[in-house]
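**Student:** Numbering (the numbering used here), first residue to last: 9 to 101.
Ideal Cβ positions, reconstructed from N, Cα and C, are used throughout, including at glycine.
Predicted, not measured: the structure shown is a model, and the values here were computed from it.
Below you will find the structure I want to go over with you.
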């Protein structure tokens, strides 16, 4: 059985191989950076068009942002619940 190798090094040969495939090394296109208010407006437009805000992660424009908002909301909600249940060095259920 072959053992998989995991290398954090990105050699010039590997860069060339990825470049030959058309790989994009830029993490984010500065032209596609939106403010929170911009995203909120995009959500309003989405809701007008689709009648809901159940935006899937796969949505090309809002998916990742909405997923992040849901995650942050969950963290905030659970963080508040945890802080309320931890008093005097004891966990209260």
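My output table needs one value for residue 23: the three-state DSSP class, helix, strand or coil.
**Tutor:** In the structure shown, residue 23 sits in a helix (DSSP, three-state: H, G or I).
**Student:** Can you tell me which of 79, 83, 81 and 50 puts its alpha carbon nearest to the alpha carbon of residue 67?
**Tutor:** Here the closest residue by C-alpha is 50.
**Student:** Express the C-alpha separation of residue 64 and residue 27 in angstroms, rounding to a whole number.
**Tutor:** Going from the Cα of residue 27 to the Cα of residue 64 covers about 30 Å.
**Student:** Taking just the CA atoms, how far does residue 87 sit from residue 132?
**Tutor:** Given that the chain is displayed from residue 9 to residue 101, the structure contains no residue 132 and the question cannot be resolved.
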